[in-house]
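Here's the structure, in structure tokens; my notes come after.
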Amino acid sequence: MSDSLANMGTAALPAAVLAAITDCAAVCRDTLRRLADEHDRLRAALDKRIRPAPDGPERRLCAVDGSHASVPTAGATFTAIAAAAVEDATLTDQEVLVQMLPPIEELDSLIGGLRCILELRLLARRIRTTTSGLFVLDGSFYSVLLEINRLLIRFAQDHRGNNPPRWWSRFYPLLDAFFSDEDWRLVLECRRVIAHSKQATAADDVITLAPHLSGTITDRSLWSNVLHAGEYSLPTSLIRADRPHLLTGYRSGALPSFQEHRLAIEHAYGQFYVIYYRPDAIGPAYRIELPAALIAREPLGAVLATFRSALRISTVQEPLPQFLADAICRQLQHALAATAEGARTTLQNEFDLALVQRYLGPYRTPR
155 MSDSLANMGT AALPAAVLAA ITDCAAVCRD TLRRLADEHD RLRAALDKRI RPAPDGPERR
215 LCAVDGSHAS VPTAGATFTA IAAAAVEDAT LTDQEVLVQM LPPIEELDSL IGGLRCILEL
275 RLLARRIRTT TSGLFVLDGS FYSVLLEINR LLIRFAQDHR GNNPPRWWSR FYPLLDAFFS
335 DEDWRLVLEC RRVIAHSKQA TAADDVITLA PHLSGTITDR SLWSNVLHAG EYSLPTSLIR
395 ADRPHLLTGY RSGALPSFQE HRLAIEHAYG QFYVIYYRPD AIGPAYRIEL PAALIAREPL
455 GAVLATFRSA LRISTVQEPL PQFLADAICR QLQHALAATA EGARTTLQNE FDLALVQRYL
515 GPYRTPR
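In the working numbering, each residue carries its 1-based index in the sequence shown increased by 154.
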């Protein structure tokens, strides 16, 4: 903190915040000016990768999204994982898993991987029960791989000995069914599934074409600046040659026949491509991941037409089913907090209040 701010006493924090806002605005101003100044150069550099978007028939769109939440207490943690499928504007399927666990290191990462498994399992179930339409997975296929890989690393570490933590047994049925039913493989090999990541962080093109903007914009921002309405970028591989993508964490024999599943999953990831698509002049470009079977002109036209038609609300920059699935899942934290409070209230009628508070009271000062 500067001497001038330190001398301001109680006004120092608000002043520091205001100063930071000014600094952030200056950085954004500089970035926007550079994007405007370099539009023509970047457009020319990317011209060979830009095409008018093909048109095609619209399909019914079903979006699958998930969420996870936890409410830690002094001695235990309430956890919940949910996934929802919304077709057009109708909730068609849902799955919820609620567990009470002991305090666990890296709990958020653990239940994040389980959330991805629940999402893929729900999506596989929807695929098996329908013969048409298009499915959109909320997020990136690559981020799903990273989340599940982190889960498998933890699984392998905890199962090296003969006495894995007992809480793992609550998730064995989900893990066994996920791999034995080949849900992941089905989703990856289905010709009707795409992924749309709202918070796309890839910056490969930025690093190559505008390294001076690296750290301030992403590829999605770059393509939003370059593409005109109704244009898309030619597909590029989701998995770059220099990007590790194997399921490196798995070293345990506790999950049956995993090696076979692993090879099929890794091969499927090699068949995924990325495009950036700008439907109109008002909105940004969207990053869409899709399998090789959908990058040909005719099926791609149907995908883009379906995606475009689902952008029904100007203030919602995602397909409506995806927005609704996300809105439904975001209620999970409130439901779990109510569940924890209900459990405390119930037990206070059976045990000494002080004992309940010592075990199920907040592990830190409530907000």
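Beta carbons: idealized from backbone N, C-alpha and C, even for Gly.
Could you give the distance in angstroms between the alpha-carbon of residue i and the alpha-carbon of residue j?
| i | j | result |
| --- | --- | --- |
| residue 234 | residue 494 | 11 Å |
| residue 461 | residue 416 | 31 Å |
| residue 193 | residue 364 | 11 Å |
| residue 236 | residue 168 | 39 Å |
| residue 503 | residue 490 | 21 Å |
| residue 361 | residue 452 | 32 Å |
| residue 176 | residue 366 | 21 Å |
| residue 447 | residue 343 | 9 Å |
| residue 257 | residue 324 | 15 Å |
| residue 319 | residue 312 | 7 Å |
| residue 278 | residue 483 | 18 Å |
| residue 354 | residue 412 | 30 Å |
| residue 326 | residue 515 | 29 Å |
| residue 509 | residue 271 | 36 Å |
| residue 445 | residue 346 | 9 Å |
| residue 481 | residue 238 | 10 Å |
| residue 305 | residue 267 | 5 Å |
| residue 226 | residue 500 | 18 Å |
| residue 172 | residue 292 | 35 Å |
| residue 374 | residue 518 | 39 Å |
| residue 506 | residue 228 | 16 Å |
| residue 496 | residue 187 | 54 Å |
| residue 435 | residue 178 | 27 Å |
| residue 200 | residue 426 | 21 Å |
| residue 288 | residue 498 | 44 Å |
| residue 191 | residue 356 | 22 Å |
| residue 433 | residue 421 | 31 Å |
| residue 166 | residue 341 | 53 Å |
| residue 471 | residue 242 | 16 Å |
| residue 259 | residue 301 | 16 Å |
| residue 333 | residue 276 | 13 Å |
What distance in whole Å lies between the Cβ atoms of residue j and residue i, which are believed to be in contact at a cut-off of 8 Å?
| i | j | result |
| --- | --- | --- |
| residue 290 | residue 215 | 6 Å |
| residue 221 | residue 231 | Not quite, the Cβ-Cβ distance comes to about 16 Å (not below 8 Å), so this is no contact. |
| residue 218 | residue 479 | 7 Å |
| residue 337 | residue 274 | 5 Å |
| residue 458 | residue 386 | 7 Å |
| residue 295 | residue 423 | 7 Å |
| residue 204 | residue 392 | Residue 204 to residue 392, Cβ: 19 Å. No contact. |
| residue 394 | residue 358 | 7 Å |
| residue 473 | residue 465 | 6 Å |
| residue 463 | residue 212 | 5 Å |
| residue 261 | residue 379 | Actually they do not touch by this definition, with Cβ atoms about 39 Å apart. |
| residue 370 | residue 185 | 5 Å |
Could you name the residues that DSSP lists as bridge partners for residue i?
| i | result |
| --- | --- |
| residue 241 | 216, 244 |
| residue 494 | Answer by DSSP bridge pairing: none, since residue 494 is not bridged. |
| residue 221 | 236 |
| residue 347 | 289 |
| residue 205 | 386 |
| residue 318 | DSSP output for residue 318 lists no bridge partner at all. |
| residue 516 | 227 |
Is any heavy atom of the ligand COA found at a distance shorter than 7 Å from the C-beta of residue i?
| i | result |
| --- | --- |
| residue 481 | Absent from the structure shown: the ligand COA. Ligands present: none. |
Cβ of residue i within 8 Å of Cβ of residue j?
| i | j | result |
| --- | --- | --- |
| residue 376 | residue 196 | yes |
| residue 348 | residue 414 | no |
| residue 208 | residue 455 | yes |
| residue 105 | residue 476 | Absent from the model: residue 105. The displayed extent of the chain is 155 to 521, so no value can be given. |
| residue 252 | residue 246 | no |
| residue 428 | residue 372 | no |
| residue 255 | residue 322 | no |
| residue 339 | residue 281 | no |
| residue 264 | residue 314 | no |
Go through the stretch 409-488 residue by residue and report every complete run of the beta strand (DSSP E) that reaches 3 residues or more, in order.
-> The qualifying runs are 426-432, 440-445.
Residue ranges of each beta strand (DSSP E) within the stretch 353-395, 3 or longer | Within the stretch 353-395, the complete beta strand (DSSP E) segments of 3 residues or longer fall at 385-387, listed in chain order.
Segments assigned alpha helix (DSSP H), at least 4 residues, entirely inside the stretch 225-305 = 261-283, all fully within the stretch 225-305.
Where in the stretch 160-194 do unbroken runs of the alpha helix (DSSP H), each at least 4 residues long, occur, reported from the N-terminal end onward?
-> You should have 166-191.
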